[in-house]
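Asker: Residue numbers (full-length UniProt numbering), protein chains in the order written: chain A, 1 to 125; chain B, 1 to 232. Using N, Cα and C, we set each Cβ at its ideal position, and we do this for glycine too. I'd like to ask you about the structure that follows.
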């Protein structure tokens, strides 16, 4: 598993990772997450940090904690669709920002991206 | 208010050498805290003062409101960097000995940690490798149900596999609802995901005490980056 060491607080990195697993379908709606301690052991991470990541995702409605049962992926799919769009928007925003900083035009970005995606598709077949 | 280790204007001198200068901070229950700094920065001395094994030249050290002294060992589980075992003991005997010394030593828990650490209970301590001694240290220290666990360089000089199993042992067996773990380290990168906060020392002075996340948010720095910036 890759390391937690980008320029963001560790609890946010863990929150992002769980979030991406939900968006990709790796974690399903209603699925139970590992306990805070087990998650900590899995990533060699302080349980307080895991707790903060879970709380952050609960605040956003992505996870929910049922008393005495544990933490689950929210059943509310509409929310997930919204989150999925939001994350897409964020990622594209970052990408476009960097490309524009380097002086690429909209047309160049678009054709470059198209070509890149086509190559990936070919590679898959 | 009282469930805390508190240092107030602590200075420690040996003859005419000042090892710690005017240190003040407090650590409550429920945290994993790293004491970081280079060699000779005073980390180990600080840990010994907190465990009551050494007394300050001036200032005060209190544990749960009481001045730290030899009796502090009842609420503090301390392990030194080198470990102090009787070499003729087996692993099992070392555990029994520890149980005889500390009322809060939980033998069942020790057995569990020993299995996780893959230690052979019948091995003689003198025959253990450095890595296995490190693991035994974890067993003997974490099996105590003391509110404060203080470990001096628990990860130093060990290979990555042993470090990982020790870190997992810490996460599994330190209960942050009722305990606090304070450890020294001169390699911050290896404890970064493990600690809530850190106390940074340089030449016996307190450079900074902060939350790891707080440092990230206020200055956009990882603790390792901050240290490079500050120490060089």
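Compare the Cα-Cα distances from residue 21 of chain A to each of A/63, A/92, A/100, A/90 and report the closest residue.
Answerer: Numbered from 1 along the first chain, position 21 holds the residue referred to as residue 21 of chain A. The shortest Cα separation from residue 21 of chain A among A/63, A/92, A/100, A/90 belongs to A/63.
Asker: Can you find a C-beta in chain B that's less than 9 angstroms from the C-beta of residue 155 of chain A?
Answerer: Nothing in the structure corresponds to residue 155 of chain A, since chain A is present only between 1 and 125.
Asker: Which complete alpha helix (DSSP H) runs does the region 114-163 of chain B hold, if anything under 4 residues is left out?
Answerer: The qualifying runs are 130-142.
Asker: Please report the residue range of the alpha helix (DSSP H) in which residue 100 of chain B lies.
Answerer: If you number the second chain from 1, residue 100 of chain B lands on position 100. Element bounds for residue 100 of chain B: 91-101.
Asker: Of the residues B/152, B/204, B/157, B/228, which one's Cα is nearest the Cα of residue 33 of chain B?
Answerer: Walking along the second chain from the start, residue 33 of chain B turns up at place 33. Looking at the Cα atoms, B/152 is the closest of the given residues.
Asker: If you scan the region 30-71 of chain B from start to end, which runs of the alpha helix (DSSP H) of 4 or more residues do you find wholly inside it?
Answerer: Entirely contained in the region 30-71 of chain B, the alpha helix (DSSP H) runs reaching 4 residues are, in chain order, 43-50.
Asker: Using 8 angstroms as the Cβ pair cut-off and three pairs as the minimum, do the region 80-94 of chain B and the region 116-129 of chain B touch?
Answerer: Touching, yes, given that three or more Cβ pairs across the two stretches are closer than 8 angstroms.
Asker: Could you give the distance in angstroms between the alpha-carbon of residue 43 of chain A and the alpha-carbon of residue 17 of chain B?
Answerer: On the first chain, position 43 is the one that residue 43 of chain A refers to. On the second chain, position 17 is the one that residue 17 of chain B refers to. Rounded to the nearest angstrom, the two C-alpha atoms are 42 angstroms apart.
Asker: Give every residue of the same chain whose Cβ lies closer than 6 angstroms to the Cβ of residue 37 of chain A, excluding the five residues on either side of it in the sequence, and list them in chain order.
Answerer: Taking the first residue of the first chain as position 1, residue 37 of chain A is located at position 37. Hits under 6 angstroms: 47.
Asker: Could you name the residues that DSSP lists as bridge partners for residue 18 of chain B?
Answerer: For this step, residue 18 of chain B is matched to residue 18 along the second chain. Residue 18 of chain B is bridged to B/13.
Asker: Under 7 angstroms between beta-carbons, which chain B residues line up against residue 102 of chain A? List them in chain order, please.
Answerer: The sequence position of residue 102 of chain A within the first chain is 102, counting from 1. Chain B residues near residue 102 of chain A: none, gap ~22 angstroms exceeds 7 angstroms.
Asker: Can you pull out the residues from the region 184-207 of chain B whose beta carbon lies closer than 7 angstroms to at least one beta carbon of chain A?
Answerer: Per Cβ criterion, the list reads 193, 194, 195, 196.
Asker: Tell me whether residue 13 of chain A is buried or exposed, calling it buried when 16 or more other Cβ atoms sit within 10 Å of its Cβ.
Answerer: Residue 13 of chain A sits at position 13 when you count from the first residue of the first chain. The residue in question, residue 13 of chain A, is buried, as its Cβ has 16 or more Cβ neighbours within 10 Å.
Asker: Residue 1 of chain A to residue 91 of chain A, Cα distance in whole Å?
Answerer: Position 1 of the first chain, counting from 1, holds the residue named residue 1 of chain A. Position 91 of the first chain, counting from 1, holds the residue named residue 91 of chain A. The pLDDT assigned to residue 1 of chain A is 41, lower than 50, so where the model puts this residue is not dependable; a value taken from the coordinates is nonetheless given after this. Rounded to whole angstroms, residue 1 of chain A to residue 91 of chain A spans 21 angstroms at the Cα level.
Asker: Quick one: Cα of residue 112 of chain A to Cα of residue 119 of chain A, how far?
Answerer: As a working note, residue 112 of chain A is residue 112 in the first chain. As a working note, residue 119 of chain A is residue 119 in the first chain. Each residue's Cα considered, the two are about 11 angstroms apart.
Asker: On the DSSP bridge list, what partners appear for residue 182 of chain B?
Answerer: Taking the first residue of the second chain as position 1, residue 182 of chain B is located at position 182. BP columns for residue 182 of chain B point to B/33, B/150.
Asker: Determine the chain B residues that contact residue 48 of chain A at a beta-carbon separation under 9 angstroms, and present them in chain order.
Answerer: Stepping through the first chain from its first residue, residue 48 of chain A is reached at position 48. Those are 30, 31, 32, 176, 196, listed as they occur along chain B.
Asker: Buried or exposed: where does residue 114 of chain B fall if 16 or more other Cβ atoms within 10 Å of its Cβ makes it buried?
Answerer: Start at 1 with the first residue of the second chain, and residue 114 of chain B comes out as number 114. That one is buried.
Asker: If you run the structure through DSSP and keep just helix, strand and coil, what is residue 230 of chain B?
Answerer: Within the second chain, the letter at position 230 stands for residue 230 of chain B. DSSP places residue 230 of chain B in helix when its eight states are reduced to three.
Asker: According to DSSP, is residue 1 of chain A helix, strand or coil?
Answerer: Stepping through the first chain from its first residue, residue 1 of chain A is reached at position 1. Because the pLDDT at residue 1 of chain A is just 41, under 50, the model does not fix this residue reliably, and the point stays unresolved.
Asker: So does the region 210-219 of chain B actually touch the region 56-67 of chain B, counting three or more Cβ pairs closer than 8 angstroms?
Answerer: Touching, no.
Asker: Does residue 3 of chain B have its Cβ less than 9 angstroms from a Cβ in chain A?
Answerer: Here residue 3 of chain B refers to the residue found at position 3 of the second chain. For residue 3 of chain B, the answer is no, since every Cβ of chain A falls outside 9 angstroms of its Cβ.
Asker: Would you list the one or two residues that DSSP bridges to residue 78 of chain B?
Answerer: Residue 78 of chain B sits at position 78 when you count from the first residue of the second chain. In the DSSP output, where bridge partners are listed per residue, residue 78 of chain B has B/150.
Asker: Please classify residue 85 of chain B: does DSSP put it in a helix, a strand, or coil?
Answerer: For this step, residue 85 of chain B is matched to residue 85 along the second chain. Three-state result, residue 85 of chain B: coil.
Asker: For residue 95 of chain A, does the count of other Cβ atoms within 10 angstroms reach 16, so buried, or fall short, so exposed?
Answerer: By 1-based counting over the first chain, the position of residue 95 of chain A is 95. Exposed, because fewer than 16 other Cβ atoms sit within 10 Å of the Cβ of residue 95 of chain A.
Asker: What residues in the region 81-106 of chain A bring their beta carbon closer than 7 angstroms to a beta carbon of chain B?
Answerer: Going along the region 81-106 of chain A in chain order, one finds no residue with a Cβ nearer than 7 angstroms to chain B.
Asker: Measure the C-alpha to C-alpha separation of residue 61 of chain A and residue 49 of chain A and round it to an integer number of angstroms.
Answerer: For the purposes of this step, residue 61 of chain A is identified with residue 61 of the first chain, where counting begins at 1. For the purposes of this step, residue 49 of chain A is identified with residue 49 of the first chain, where counting begins at 1. Rounded to the nearest angstrom, the two C-alpha atoms are 19 angstroms apart.
Asker: Look at the Cβ atom of residue 10 of chain A, then the Cβ atom of residue 172 of chain B, and state whether they are nearer than 9 angstroms.
Answerer: Translated into the one-based positions of the first chain, residue 10 of chain A becomes position 10. Translated into the one-based positions of the second chain, residue 172 of chain B becomes position 172. Going by C-beta atoms, residue 10 of chain A is not nearer than 9 angstroms to residue 172 of chain B.
Asker: Could you give the distance in angstroms between the alpha-carbon of residue 80 of chain A and the alpha-carbon of residue 38 of chain B?
Answerer: Position 80 of the first chain, counting from 1, holds the residue named residue 80 of chain A. Position 38 of the second chain, counting from 1, holds the residue named residue 38 of chain B. Rounded to whole angstroms, residue 80 of chain A to residue 38 of chain B spans 47 angstroms at the Cα level.
Asker: How would you list, in chain order, the residues of chain A whose beta-carbon sits under 8 angstroms from the beta-carbon of residue 172 of chain B?
Answerer: Start at 1 with the first residue of the second chain, and residue 172 of chain B comes out as number 172. In chain order: 37, 41.
Asker: Could you say which of B/194, B/189, B/204, B/168 lies nearest to residue 226 of chain B if we only look at CA atoms?
Answerer: Along the second chain, read from residue 1 onward, the residue named residue 226 of chain B stands at position 226. Of B/194, B/189, B/204, B/168, the residue nearest in Cα terms is B/189.
Asker: Indicate the three-state DSSP secondary structure (helix, strand or coil) for residue 193 of chain B in the structure shown.
Answerer: Within the second chain, residue 193 of chain B is the residue found at index 193, counting from 1. Correct three-state label for residue 193 of chain B: coil.
Asker: Rounded to the nearest angstrom, how far is the Cβ of residue 143 of chain B from that of residue 97 of chain B, given a contact under 8 angstroms?
Answerer: Along the second chain, one-based indexing puts residue 143 of chain B at 143. Along the second chain, one-based indexing puts residue 97 of chain B at 97. Wrong, their Cβ atoms sit about 12 angstroms apart, outside the cutoff.
Asker: Give the DSSP bridge partners of residue 32 of chain A, in chain order.
Answerer: Your numbering for residue 32 of chain A matches position 32 in the first chain. In DSSP, residue 32 of chain A forms a bridge with A/72.
Asker: Between which residues of its own chain and residue 125 of chain A is the CB-CB distance below 8 angstroms, once the five residues before and five after are set aside?
Answerer: Numbered from its first residue, the first chain carries residue 125 of chain A at position 125. Annotation note: pLDDT 49 at residue 125 of chain A (below 50); position unreliable, coordinate value reported separately. Counting only Cβ-Cβ distances below 8 angstroms, and skipping sequence neighbours, we find nothing.
Asker: Out of B/112, B/177, B/167, state which residue places its alpha-carbon closest to the alpha-carbon of residue 195 of chain B.
Answerer: Walking along the second chain from the start, residue 195 of chain B turns up at place 195. The option with the nearest alpha carbon to residue 195 of chain B is B/167.
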